[in-house]
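Peer 1: Let me give you the structure first, and then I'll get to my questions.
Chains as they are written, first to last, in my numbering: chain P, 1 to 992; chain A, 993 to 1984.
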């Protein structure tokens, strides 16, 4: 089927589904969304269904036609359905069938992808739709556009036509697609694609494009001021295209980008505002369809349900949930359902909660048929108040009875603590479980909390994805209710690859068998185990293994209902690319498992398809093609990046904003280059280390501007290491570039070389003091700059690298390099923040709270020493002699803690022998203490004091009336207490 | 059928005909032609067939959606067929059938329309295709694009989709078209149309648009310099759109327009050049189809033809010729065919030449079956040279025989003027007519000269329109030959409305009957007569009449093969518009005949459809709708124009260039305002006339800037008159505005009022002297500024209005007002030019050449007097006494003409009595002559001189030897001759 025929068939298909068939826009747009037939018509209450082709121009995606499936211009097929017809995913799958693409042959997957277009003030939730691993369509429930919340919500389906046709024609490159009548896509468009790339990347005049942008913007405002929606919108589109070219040309810095976005967003909002006002003024001429009347839900007829315990099944049928939402929702149900049943006073044997991306299931076994009956007693006035002397009811009794809704004659008397009161007694009959549940089940669904939720129909209910069916069975009977426009029933849907066949359930107990029969693995753990086992088997078959990847495994397990792992292969030539790149591409973009052997990647990977397939060849082939295209892209980046050399990217860091008051990343690099020598002095680095560290500081951020890292941010540092090596930097420098990011997450490795350590420290010190200085310290859970991680990393490096220095001095040194003034409060706050992380880390490491406090009280400013102190102390507390020493030593400390003043010791006025003895011991200890810096040393110093201290307290009363005597004794005790100062505050140790 | 369904059907139709189905362009374009799929792909040798929709943006055509079928944006459906498939018109008609439009129900006509796009360096020949009077499609054979001649030629078919769909849906306004799925065209696009109009006409910032243009142009150059075709082309399109908006905004003056066009043309040429170079470098990848081998034409087998005289039929079957070409071609054939037959020595009885737009017919009756036999004798050397004394042949004879290709023994002897020579005699047998004609007939076709011709297929033959079939029959046999890729045969085609059925002809003689049977009126005169008679009948039926309109009648008669006049009606409300407007619209745009009654237009018109229709209702209805839309447009213009008032348009004349060195039309108006008082003085105008004339000078050109006149240039002056009246100008002023253009053509009426005369004169004087001053006098047949007409008008006004003044003085006065210096030579040349027109006009008026020369010799500087002189003289020459007087008077004149010097007369030295007598008579005549200014007076003065002159010559010999006597006599004769000076040079009168 030719490319042109595919378009004609889609036109016919969607016209048959009630869509108006529209035309591409005559202004360059980045997506069909920007055609007024979408971006404006989705606003407001009028229904709107449309389908059209749109050539989508994305200069930055251009690859000179060298990538098989990524071009700077490609053809979208855009469909808008407003309101949601109730089965848009099914309609989409039917359209694929109309093209001859069967879900039984191809692995069609709905992979979470939430769409946001800040320049249009628009967002929505939905999926990338994958066919054999290839993204062929974007499917979105529009929630907002032009800054306005949409009501009704529109469904947007955007096909990538080329990718669909490539599968249909079995070709492996856009260029080879047969367009029509013997002419290929490449013959039509390849030369143009190359030319556009050359223009956008190399030729376009930045100065003139900027001027165009400004003129377009001015004319947009001019048109909008005159109330002209479409002329205004056209100019917004022209702004957007000019911006895209500037961006591809590499002319847009980070702050500038934000500024451009804000300008475009303002314009877009004004377009939307005017459009809405216009439609309102026109009386919404397309608002013809009457909305369907409210659904009538049958009342519960309790007599139809079993009178004994039965099973309850609730299946919540949804369009494909994001993987993370599956687990979260199941967790919530596991907690809430038993609680709810208890609250409803319905007994049960057990609750089972399972689910897949398309269904959340609750199965309650042995559920009581009724609530138990209940007697409700309300205490009224004292009996002698309620009845007069003649035994007649008083006004008080009458009032109470009326308030309780009982006849006054029905009031009873009860004794409470020996006194008699009237009470109203109401016997409440337990309600049938069916009745109770029909009310409760909608609440269970409504009670689910979602990370991100969306509306989709007129009910206005918001969930992570659209609710499409509900099965609610108590025994063999349906529990009738309605939620979000869906009525409960007994029909569930089978696997998508099998066409989501309707499956009618005879009873709740029949469910699990029915699911098994339908090839649906309900249990996420079971899916995970299956994938792990089969993937391992596949890897073993080629002599490899699957590296541990629990997050990926968890995600993949929640992307499928019937996992089918299969082994794919890619061309060995790509193994020339850095392994980290290959793996990152696989995992991030494709959710494939890499196959390794002896730490080296094999040219293999494991895909997890969804469903049972008659043949896996098409699925495998499709996925292999996708990976090939991805790797071609990576190779393109790698080539482009290495042609220039790493240092060449430095200059572009000046357009990459670190923070607006703290300047660009290049500014930051400048500061690191100054801070590193200061740190090197502190750690006594060698000349070589110092030189390498300076070079690392210079180059460490350069890879952020490379195309590979722009595309795959997770490769920062990794690419820096590779590119530095290729550029001939010394191994220590390349290693330092990679290591300065370490540790990236909790439990990550730490830098080994001094250059990486020094730059890593400098980077973190700069970020901490800088961001605190400009008031951007983390608040609550918000930590956009990752300062918690930075502080923790700082502490870990210091601790594990045995680097000892004053945090205060270091922060101050960093602060002096900032372009802003850091206040003393900010410095203190930054230091406290680091100490807090140090405290947390020590506690997480299993140290006793009191020991941590004891160490921090004296050594927080030098994290390495603090850690050492805690560690030593932790060893000491287990020694038998420690307890006595602590007891003895802590007592003076505790006493003198009350006094801020330092008392003067007059040795000659010491009167008691115990005083003299202690004084002598203190003098000796003070002498030893000078050379002591750690806990072990301190303990050796303090050991001899235990006896004289104990002796003193046994004989001498410190707090005598005579002030002079008292203060002289306190002065002696202060001398004792001061011996530990700077090392540890033993008074904070428990038991002291 | 919905709008969207029409597009889908056209896609399917053209895909089925081998077209690639393409998409609209994503840059605003004025026409589908500008999509690279046309404008670039038509270049070079590669075959290319494509079809696509194109929204066409033409800001100037915007009417705020108020016109039923003219919007600033509409949808084209564009088809390109390259090379010509041989039947593109038929394919187009099939596509209409595929949409359900039958040529039997609708009057489908191909009306000449030659397309030129200077901004693209492109042109072609073809038609507007009309359906019931409505232009629905543009059909063009592209001859050139981007400045390059096209080979092969492309056929371009551009449907106006809305107009096609309006007929299909029976709706009368774009807005009411059903687009699809319950949404109308208006619901999609009306608001946008209004907004675009407001923006383009009122809101757009001229300054910013100009800046955008400059930036686009600079980027186009930038891209082209880098060899980037499509990026360059895109910017050319953006230039074009920016220009169109500026133009709609009224910001483009005439010279500026030319300048912009030149800039765009230069860019377009560079785009084309680069594209061609690129395709060549790529090796023309689409050049796959092998061209068909040469057609094999059967040789003539003379034995198959009648041996006696027979009829010859040549029918040249063409796609619809322009009306003017039909008459011209028939005229050529009437002349060339008999000449050719004579040259071929083929006897015949008569030649009949008839034709229609689709066929040119030559029917020769009684054509001889053979050329007569012929003997060819070549004279050789004298016999005594050829034979020696012994009677043997000499070398001379041998050489002669060899040269003539005869045996020496075959030489004969013949006597020539008494001398004997050898001769070579060759008997040449007459060739059969069939053989001769098979060679000659292609020459007849090739010999046709066309006003404008085009190529269409690989033969490279150029004709006015494509040749599609040839019938060539001699008796009942085909004369086989091939021309322009078409083989002759015996099959002709019937009427287009009947589907051009194939008609096989048994013999040449069967042709006329076959045509009659096929409802084809072959004779243009017959068609013309039929139309005239039937139109008159239709007009009479509503009490009206058809005004004389021979040109329109002639044109219409050559637009049809079977004329079917019918009566249409339009809404009486439009009669409120000026009648001239209504008539101009009818005739110019629609070729309708107006119906008048007592000089007033009725709300009726006569259409001439082509062919016999079962019902005329659809045709009539369609034509009525077209006229309604046209009148709606006129009403729109009229309203827009009158809202502003005439004087308001004056200022826009500053942007309307008269000539670059002579300034704008407003500058010209300024000059007229100064020249008019000068002229008023010369003619002794009254104060009122003077005042009115000044006002006329002020306003006379203002209507050129009104929308009505911009649209219908022929209404200049007419609208000025109307608008001035509506603006409250005095009737004399309004009349003057109209009259200053008179006479517009030969035989036109002349201005009646003095204001119109004065301004008319001033206007013409200014144009003449101005354009001569800047070197733009007419050359050869080129007269772009219409100076011949201006000069003739000048002369006519002066003559008929009896205005007498010195042309030289007037031109000088006009010259002094010019912004440039007019040289003396230029002034003289201008005056000579006027005199030449005066001479021509007098001769055309039937005056004797000699009388005209006699008058002009003395009075050319005052055309009125010159005319009067000729007229009087013409009367005098018929009087009996004139001959004697002339004879007498002319003789002295002729004699003294030889002498440049003026001799002194010494009366006292006159010796003979005849001298004295003449001298006395001359003195008396001189006295009378002072008061005489015209021929009549002159004759009265000269009358008495005849006798004395005759007497003198009878007795006295003037040219005596004695110098003194001779010169004294010549002096006397000079006095006589001088009497006529300043009035007429009688010596130039024949017979003098």
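By construction, the Cβ of each residue, glycine as well, lies at the ideal position given by its N, Cα and C atoms.
Let me know the secondary structure DSSP gives residue 1457/A once reduced to three states.
Peer 2: Coil, per DSSP.
Peer 1: With DSSP as the reference, label residue 933/P as helix, strand or coil.
Peer 2: The answer is coil: DSSP assigns residue 933/P none of H, G, I, E or B.
Peer 1: Less than 7 Å between CB atoms is the rule here; does residue 1013/A satisfy it with respect to chain P?
Peer 2: Residue 1013/A counts as touching chain P.
Peer 1: Measure the alpha-carbon distance for residue 1916/A versus residue 1922/A and round it to whole angstroms.
Peer 2: Their Cα atoms are separated by approximately 11 Å.
Peer 1: Check distances from the C-beta atoms of the stretch 1119-1143 of chain A to those of chain P and list, in chain order, the residues that come in under 9 Å.
Peer 2: So nothing in the stretch comes that close.
Peer 1: Entirely within the stretch 1060-1106 of chain A and at least 3 residues each: give me those beta strand (DSSP E) ranges in chain order.
Peer 2: With a minimum length of 3 residues, the continuous beta strand (DSSP E) runs that stay inside the stretch 1060-1106 of chain A are 1065-1074, 1100-1104.
Peer 1: In chain order, what residues of the same chain have a beta carbon less than 7 Å from the beta carbon of residue 1330/A, not counting five sequence neighbours either side?
Peer 2: Result list for residue 1330/A: 1343, in chain order.
Peer 1: Report, in whole angstroms, the separation of the C-beta atoms of residue 817/P and residue 895/P, which I expect to be a contact under 8 Å.
Peer 2: At roughly 46 Å, the Cβ-Cβ gap does not stay under 8 Å, so residue 817/P and residue 895/P are not in contact.
Peer 1: Between residue 1210/A and chain P, is the shortest Cβ-Cβ distance under 7 Å, so that the two count as touching?
Peer 2: Judged by the 7 Å Cβ criterion, residue 1210/A is in contact with chain P.
Peer 1: Check this for me: beta carbons of residue 889/P and residue 942/P, under 7 Å apart or not?
Peer 2: Yes; because the gap between Cβ atoms is below 7 Å, this pair is in contact.
Peer 1: Rounding to the nearest angstrom, what Cα-Cα distance links residue 898/P and residue 970/P in this structure?
Peer 2: Looking at the two C-alpha atoms, the distance is approximately 11 Å.
Peer 1: Curious, which full-length alpha helix (DSSP H) runs of at least 4 residues does the stretch 743-784 of chain P contain?
Peer 2: DSSP runs (the alpha helix (DSSP H)) wholly in the stretch 743-784 of chain P: 754-773.
Peer 1: Please list the terminal residues of the continuous beta strand (DSSP E) segment that includes residue 1561/A.
Peer 2: Counting along the chain, the beta strand (DSSP E) containing residue 1561/A begins and ends at 1555-1561.
Peer 1: With which residues is residue 318/P paired in a DSSP beta bridge?
Peer 2: The partner list for residue 318/P (beta bridge, DSSP) reads 467/P.
Peer 1: Hey, could you find the ends of the alpha helix (DSSP H) residue 1159/A is sitting in?
Peer 2: Here the alpha helix (DSSP H) through residue 1159/A covers 1153-1161.
Peer 1: Residue 1376/A by DSSP, collapsed to three states: which one?
Peer 2: In the structure shown, residue 1376/A sits in a helix (DSSP, three-state: H, G or I).
Peer 1: Would you mind sorting residue 1529/A into buried or exposed? The rule is 16 or more other CB atoms within 10 Å of its CB.
Peer 2: Exposed is the call here.
Peer 1: Is residue 1701/A close to chain P, meaning its C-beta is less than 7 Å from at least one C-beta of that chain?
Peer 2: Chain P contact via Cβ: absent.
Peer 1: Alpha carbon to alpha carbon, how far is residue 795/P from residue 650/P? Give it in angstroms, no decimals.
Peer 2: Each residue's Cα considered, the two are about 29 Å apart.
Peer 1: If I measure Cβ to Cβ from residue 165/P and keep anything under 7 Å in the same chain, skipping five residues before and after, which residues do I get?
Peer 2: Answer for residue 165/P: 3, 6, 177, listed in chain order.
Peer 1: DSSP three-state call for residue 1279/A: helix, strand or coil?
Peer 2: If DSSP states are grouped into helix, strand and coil, residue 1279/A belongs with coil.
Peer 1: Cutting at 6 Å between CB atoms, please list the residues of its own chain near residue 1132/A, excluding the five before and the five after it.
Peer 2: Here the set comprises 1107, 1116, 1118, 1148.
Peer 1: Is it the case that the stretch 1221-1234 of chain A contacts the stretch 1013-1027 of chain A, given that we only count it when at least three CB pairs across the two stretches are under 8 Å?
Peer 2: Flag = yes, the stretch 1013-1027 of chain A and the stretch 1221-1234 of chain A touch.
Peer 1: Determine, using beta carbons only, whether residue 804/P and residue 862/P come nearer to each other than 7 Å.
Peer 2: Yes, these two residues count as a Cβ contact at 7 Å.
Peer 1: Should residue 226/P be flagged as near chain A, meaning a C-beta pair shorter than 7 Å?
Peer 2: Interface residue, yes.
Peer 1: Which residue marks the beginning of the beta strand (DSSP E) containing residue 1586/A, and which one marks its end?
Peer 2: Residues 1585-1589.
Peer 1: Can at least three beta-carbon pairs, one atom from the stretch 303-318 of chain P and one from the stretch 428-439 of chain P, be found at a separation below 8 Å?
Peer 2: Result yes; three or more Cβ-Cβ pairs closer than 8 Å.
Peer 1: Whose Cβ in chain A lies nearer than 7 Å to the Cβ of residue 208/P?
Peer 2: Under the 7 Å cutoff, chain A gives 1207, 1210, 1211.
Peer 1: Pick helix, strand or coil for residue 898/P, following the three-state DSSP scheme.
Peer 2: In the structure shown, residue 898/P sits in coil (DSSP, three-state: anything other than H, G, I, E or B).
Peer 1: State the Cα-Cα distance for the pair residue 1498/A and residue 1470/A, rounded to the nearest angstrom.
Peer 2: Residue 1498/A and residue 1470/A: Cα-Cα distance of roughly 10 Å.
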